[in-house]
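Asker:
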Amino acid sequence: MFKIVHAQFLAPGIKRFVIQAPRIARKQQPGQFVILRIYEEGERIPVTIENSDPEKGTINIVVQSAGKTTTLLNTLETGDSILDVVGPLGKPSDIRNYGTVVVVGGGVGTAMAYPTAVALKRAGNRVISIVGARNKELVILEREMREVSDALLITTDDGSYADKGFVTDKLRQLIDNGVRIDLVVAVGPIVMMKAVSELTRKEKIHTVVSLNPIMIDGTGMCGGCRVLIDGKSEFACVDGPEFDGHKVNFEVLVQRNGMYRTAEQQSMEEFKRLQKAEAEEGEVCAATSGARQGEQR
Amino acid sequence: MSPTASKSKNPLSPKERIKVPRQLMPEQPAEVRAHNFEEVNLGYSPELAQQEALRCLECAKPTCTDNCPVGIDVKEFVQRIVIGDFLGAAAKIREANVLPAITGRVCPQEDQCEGKCLLSKKVKPLGIGYLERFVADYQQRMGTHIVPTVEPTGKKVAIVGSGPSGLTVAGDLIQKGHKVRVFEALHEIGGVLVYGIPEFRLPKQIVREQIDYMREMGVEFETDVVVGRTVTIDELLEQEGYDAVFIGTGAGLPQFMNIPGEHLNGVYSANEFLTRINLMKAYKFPEYDEPMLDLHGKDVAVIGGGNTALDAIRSALRLGARKAYVLYRRSEAEMPARAEEVHHAREEGIDFQMLTAPVEFLSDGKGWLTTARCVRMELGEPDASGRRRPVPMQGSEFELPLSVAVIAIGTTANPIVQSTTLGLGTNKRGYIQASEETQRTTRKGVFAGGDIVTGAATVILAMGAGRRAANSMHQYLTTGEW
Ligand SMILES: Cc1cc2nc3c(=O)[nH]c(=O)nc-3n(C[C@H](O)[C@H](O)[C@H](O)COP(=O)(O)OP(=O)(O)OC[C@H]3O[C@@H](n4cnc5c(N)ncnc54)[C@H](O)[C@@H]3O)c2cc1C
Ligand SMILES: Cc1cc2nc3c(=O)[nH]c(=O)nc-3n(C[C@H](O)[C@H](O)[C@H](O)COP(=O)(O)OP(=O)(O)OC[C@H]3O[C@@H](n4cnc5c(N)ncnc54)[C@H](O)[C@@H]3O)c2cc1C
Ligand code: SF4
Ligand code: SF4
Ligand code: FES
Numbered sequence: 352m353f354k355i356v357h358a359q360f361l362a363p364g365i366k367r368f369v370i371q372a373p374r375i376a377r378k379q380q381p382g383q384f385v386i387l388r389i390y391e392e393g394e395r396i397p398v399t400i401e402n403s404d405p406e407k408g409t410i411n412i413v414v415q416s417a418g419k420t421t422t423l424l425n426t427l428e429t430g431d432s433i434l435d436v437v438g439p440l441g442k443p444s445d446i447r448n449y450g451t452v453v454v455v456g457g458g459v460g461t462a463m464a465y466p467t468a469v470a471l472k473r474a475g476n477r478v479i480s481i482v483g484a485r486n487k488e489l490v491i492l493e494r495e496m497r498e499v500s501d502a503l504l505i506t507t508d509d510g511s512y513a514d515k516g517f518v519t520d521k522l523r524q525l526i527d528n529g530v531r532i533d534l535v536v537a538v539g540p541i542v543m544m545k546a547v548s549e550l551t552r553k554e555k556i557h558t559v560v561s562l563n564p565i566m567i568d569g570t571g572m573c574g575g576c577r578v579l580i581d582g583k584s585e586f587a588c589v590d591g592p593e594f595d596g597h598k599v600n601f602e603v604l605v606q607r608n609g610m611y612r613t614a615e616q617q618s619m620e621e622f623k624r625l626q627k628a629e630a631e632e633g634e635v636c637a638a639t640s641g642a643r644q645g646e647q648r
Numbered sequence: 003m004s005p006t007a008s009k010s011k012n013p014l015s016p017k018e019r020i021k022v023p024r025q026l027m028p029e030q031p032a033e034v035r036a037h038n039f040e041e042v043n044l045g046y047s048p049e050l051a052q053q054e055a056l057r058c059l060e061c062a063k064p065t066c067t068d069n070c071p072v073g074i075d076v077k078e079f080v081q082r083i084v085i086g087d088f089l090g091a092a093a094k095i096r097e098a099n100v101l102p103a104i105t106g107r108v109c110p111q112e113d114q115c116e117g118k119c120l121l122s123k124k125v126k127p128l129g130i131g132y133l134e135r136f137v138a139d140y141q142q143r144m145g146t147h148i149v150p151t152v153e154p155t156g157k158k159v160a161i162v163g164s165g166p167s168g169l170t171v172a173g174d175l176i177q178k179g180h181k182v183r184v185f186e187a188l189h190e191i192g193g194v195l196v197y198g199i200p201e202f203r204l205p206k207q208i209v210r211e212q213i214d215y216m217r218e219m220g221v222e223f224e225t226d227v228v229v230g231r232t233v234t235i236d237e238l239l240e241q242e243g244y245d246a247v248f249i250g251t252g253a254g255l256p257q258f259m260n261i262p263g264e265h266l267n268g269v270y271s272a273n274e275f276l277t278r279i280n281l282m283k284a285y286k287f288p289e290y291d292e293p294m295l296d297l298h299g300k301d302v303a304v305i306g307g308g309n310t311a312l313d314a315i316r317s318a319l320r321l322g323a324r325k326a327y328v329l330y331r332r333s334e335a336e337m338p339a340r341a342e343e344v345h346h347a348r349e350e351g352i353d354f355q356m357l358t359a360p361v362e363f364l365s366d367g368k369g370w371l372t373t374a375r376c377v378r379m380e381l382g383e384p385d386a387s388g389r390r391r392p393v394p395m396q397g398s399e400f401e402l403p404l405s406v407a408v409i410a411i412g413t414t415a416n417p418i419v420q421s422t423t424l425g426l427g428t429n430k431r432g433y434i435q436a437s438e439e440t441q442r443t444t445r446k447g448v449f450a451g452g453d454i455v456t457g458a459a460t461v462i463l464a465m466g467a468g469r470r471a472a473n474s475m476h477q478y479l480t481t482g483e484w
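Chains C and Z, in that order, are what the protein sequence lines are.
Each residue of the first sequence is one higher than the one before, starting from 352 at the first, in my numbering.
Each residue of the second sequence is one higher than the one before, starting from 3 at the first, in my numbering.
Here it is as structure tokens:
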């Protein structure tokens, strides 16, 4: 049982949790993630560790509602508990002094890129960050990113905040302005990571992306998280999640992530129906109460 | 008083014993069980057990015991069944085997105890596995667990992995007075027993009962700890005050065939397929959240011929598959699966395609598996394993329509602990080096056993290793000698 000591929305549908997990907090390194299971009937999902405090024994995660599990997770509040949290998993980011690094965060990917940006800065790099979001409300961690970056560029798809456009537009501008870039780190939606990788391939700039395939155990046991890298299968939970963006087969990743779409939609619809029933009847939603019951167990 | 082996209590003469037929295991009818996840075998009644026990010849040199990896005194426990002392029988088994309800169900008896039973020279061997299971279940039903009280030694032991090897070490060392804590990466205790072997062969309730018993004896369990990542072996020894560590992390990593199309949707490793079903209970979706592809009316094949392959394909059948194939590249004689499982699978309607292997998976153009291109094989010269090597037959290619393919061709060593522990020796295949007698590794105070030392093997071999490890760990803990 892992206690949520603090929970707060950063943007609509995006919530940060501070979780008591002393063992994980002691060991976490940038780029690593946890796998969590909210309640007994729940599935295991991977979430990046945004930050940790070894002294207090806590880790932070930032979760965006995507389907049932993340939506349910985002109903939990300070004082609630999560049944299982295991980690830190995956290879840490390869932190070195590269020179100038551009860190690109798309949507909730900004939270996943943040610890890497901090570590890169600490290692002596010049860090230029590009944060992209669909609209103003969804720009997260602006203050934090600004603090660790030598420069921060923001784009929104609809232009409701900062510059209208995509993160790749900003990256293009940097390159066109003659900024020498030694490394690009891109974390976010698959389409974004693919677009960034295509751009930097032409420019011959080494690019690291953080892949998000479907996972179960996170220890290399199930093989479900296999991704195609340079034509070879690798397991994202142990060989990754970070890979050379120029070698990733993004089509296969998109295809495999769609494997359970029908079931996922069924789960989500059932969950929404229950939530609606709860709102209408004022009764405790069965699924949410399942998660809450976790605490007493 | 429990009877001694010296004087037979069996009223039958040896000749009469041979005439008693082997008692059939009551089981769910094939057409019923093919659609549910309940246990196939229903277990002997006390009467059936006693009738079966009467068949034992009480050999002067019991070859059954010699062929049990943990040397269970079969003759003695069977005689206790003859006289109706079922609890005495259970006690006898437990001297050598802490998980009899499990081994009675999953040991490959035909290769071990029963394979060398003297009766098998003339008639069917004694149903040793069935009897072992019977007494273990009987004892459980009677609720007669004895929680031994022992003087604490003040020593602390960490066990990494909660499969049969780790559980055996835990059970043995707690009874010797050491403090024992088991660290498990997953959220459930039991290793392959809970994430691999399905409910219809080994009900999870049985595993849970064994674990509850260990808890009662004082064993502590900590789930959600991946040793090597969450905490290292060095930290356990140096910072957390453990005096010794046992590593029983199992063979974990699934192997793929590296043929085109393996990344298609619908192609699974057996580990993923079985983990979704057993650990995550995807067969109860949507009551449980973990999804599984809908197999109703689909054609499914498993590639491989071991227990894992059969567990996967029989699970697929129970999830509604229309056709369920086993594609195995050798012949039936070489199949490593338990004989009883092959028999049960056939009865349930699994289609065995021997001497067959896929060479490519084809898709519908949208990333979903539709077909396996296969070749037929013939057996050539023996290979390194001593089995005849399968060789593809020219011009034998054919296409098999499939929605789901499950690859069950074996596993390799999980490297997480080895790569994060200084001075821990491994062999070229990445398994941990450990002495065959003492299970000592190259690191002082660190022992290892089970599949992570031998490569994928059996439950009882993992338990045997656990027993040897516990003995030498006890010696190390009490003398400090390495
Ligand atoms: C290494 C890694 C780090 C991640 N970090 C974060 C993070 O910091 N914050 C965040 O909000 N999200 C993160 N994700 C994504 C997150 O795991 C998925 O959004 C979540 O699993 C979706 O579950 P769901 O039930 O809410 O949605 P579903 O409706 O089940 O699925 C929505 C989509 O999420 C993906 N998905 C579903 N199940 C899994 C699973 N078990 N594992 C991985 N992906 C799955 C699928 O592509 C699916 O189409 C990360 C993923 C990985 C692999
Ligand atoms: C599907 C299937 C069916 C089988 N059927 C049979 C059968 O019928 N009869 C038979 O005798 N044998 C059978 N076997 C083989 C048998 O299950 C194994 O040989 C046996 O379980 C090995 O035991 P073990 O203790 O070495 O490890 P495992 O049972 O593999 O357990 C290892 C445990 O360690 C955990 N772990 C791994 N790494 C770490 C880490 N870093 N930190 C913490 N924990 C960790 C794992 O999560 C796991 O729980 C079968 C195997 C499979 C996969
Ligand atoms: S433990 Fe296995 S091999 Fe030994 S007697 Fe029991 S069933 Fe036979
Ligand atoms: S070998 Fe067979 S007949 Fe002989 S003692 Fe063992 S079980 Fe009985
Ligand atoms: S999640 Fe199972 S191997 Fe990576």
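Even glycine gets a Cβ: it sits at the ideal position worked out from N, Cα and C.
1) Does the beta-carbon of cysteine 109 of chain Z, which I'm using as the reference point, lie nearer than 8 Å to any heavy atom of ligand 4?
2) Locate the alpha helix (DSSP H) running through alanine 484 of chain C, then write down its first and last residues.
3) In the segment 388-456 of chain Z, which residue ranges form an unbroken beta strand (DSSP E) of at least 3 residues, counting only runs that do not cross its ends?
4) Who pairs with aspartate 353 of chain Z in a beta bridge, going by DSSP?
5) Quick check on DSSP: helix, strand or coil for arginine 531 of chain C?
6) Out of C:Thr420, C:Ala513, C:Gln380 and C:Ile556, point me to the one whose CA is closest to aspartate 336 of chain C's CA.
7) How about valine 227 of chain Z and leucine 440 of chain C: do their beta carbons lie closer than 9 Å?
8) Shorter than 8 Å, the distance from the beta carbon of asparagine 273 of chain Z to the closest heavy atom of ligand 2, or not?
9) Which residues have a Cβ closer than 5 Å to any heavy atom of ligand 1, listed in chain order?
10) Can you tell me where the alpha helix (DSSP H) with threonine 551 of chain C in it begins and where it stops?
11) How would you call lysine 555 of chain C, buried or exposed, if buried means at least 16 neighbouring beta carbons within 10 angstroms?
12) Using a threshold of 9 Å, state whether the C-beta atoms of asparagine 600 of chain C and glycine 582 of chain C are closer than that.
13) To the nearest whole angstrom, what separates the beta carbons of phenylalanine 363 of chain Z and leucine 266 of chain Z, a pair I think is in contact under 8 Å?
14) For the segment 411-440 of chain C, enumerate the residues whose C-beta is nearer than 8 Å to any C-beta of chain Z, in chain order.
15) Assuming phenylalanine 368 of chain C is part of the beta strand (DSSP E), what are its boundary residues?
16) Determine the direct distance from the alpha carbon of leucine 50 of chain Z to that of lysine 430 of chain Z, and round the result to whole angstroms.
17) Which chain C residues sit within Cβ distance under 9 Å of leucine 424 of chain Z?
18) Consider the C-beta atom of proline 64 of chain Z and the heavy atoms of ligand 6; say whether any pair is separated by less than 8 Å.
19) With the cut-off set at 9 Å, would you say glutamine 212 of chain Z and leucine 255 of chain Z are in Cβ contact?
20) For alanine 376 of chain C, which residues in the same chain have their Cβ closer than 8 Å to its Cβ, ignoring the five residues on either side in sequence?
21) How many whole angstroms separate the CB atoms of arginine 324 of chain Z and lysine 300 of chain Z, which I take to be in contact at a CB cut-off of 8 Å?
22) Measuring only the C-alpha atoms, how far is methionine 544 of chain C from lysine 181 of chain Z?
23) For ligand 5, is there a heavy atom less than 8 Å away from the beta-carbon of threonine 570 of chain C?
24) Please confirm whether cysteine 376 of chain Z and glutamine 396 of chain Z have their CB atoms less than 9 Å apart.
25) Among the candidates C:Arg367, C:Tyr390, C:Val369 and C:Val538, whose CA atom is the shortest distance from the CA of methionine 282 of chain Z?
26) Along the chain, which unbroken stretches of the alpha helix (DSSP H) at least 4 residues long are found entirely within the segment 560-591 of chain C?
27) Under a Cβ-count criterion, where at least 16 other Cβ atoms within 10 Å of its own Cβ denotes burial, should isoleucine 567 of chain C be classed as buried or exposed?
28) Can we count glutamate 60 of chain Z as close to ligand 4, meaning its CB is less than 8 Å from some heavy atom?
29) For methionine 379 of chain Z, which beta-bridge partners are listed by DSSP?
30) Report buried or exposed for asparagine 563 of chain C, applying the criterion of at least 16 other Cβ atoms within 10 angstroms of its Cβ.
31) Helix, strand or coil for leucine 59 of chain Z? Go by DSSP, reduced to three states.
32) Below 8 Å, is the gap between the Cβ of phenylalanine 258 of chain Z and the nearest heavy atom of ligand 5?
Answerer: With the given structure in hand:
1) no
2) Element bounds for alanine 484 of chain C: not the alpha helix (DSSP H) but the beta strand (DSSP E), 477-484.
3) 390-394, 400-403, 406-409, 413-415 and 448-450
4) Z:Tyr327
5) coil
6) For chain C, the structure presents residues 352 to 648; residue 336 of chain C sits outside this window and is missing.
7) no
8) yes
9) C:Phe384, C:Ile396, C:Pro397, C:Val398, C:Thr399, C:Val414, C:Gln415, C:Ala417, C:Gly418, C:Lys419, C:Thr420, C:Thr421, C:Val459, C:Met463, C:Asn563, C:Ile565, C:Met566, C:Pro592, C:Asn608 and C:Glu615
10) 541-554
11) exposed
12) yes
13) 5 Å
14) Lys419, Thr420, Leu434, Asp435, Val436, Val437, Gly438, Pro439 and Leu440
15) 365-371
16) 49 Å
17) In chain order: nothing, as chain C lies at least about 16 Å away.
18) Absence of ligand 6 is noted for the structure shown, with ligand 1, ligand 2, ligand 3, ligand 4 and ligand 5 being the only ligands found.
19) no
20) Ser403, Asp404, Pro405, Lys407, Gly408, Thr409 and Ile410
21) 6 Å
22) 50 Å
23) yes
24) no
25) C:Tyr390
26) 587-590
27) buried
28) yes
29) Z:Pro394
30) buried
31) coil
32) no
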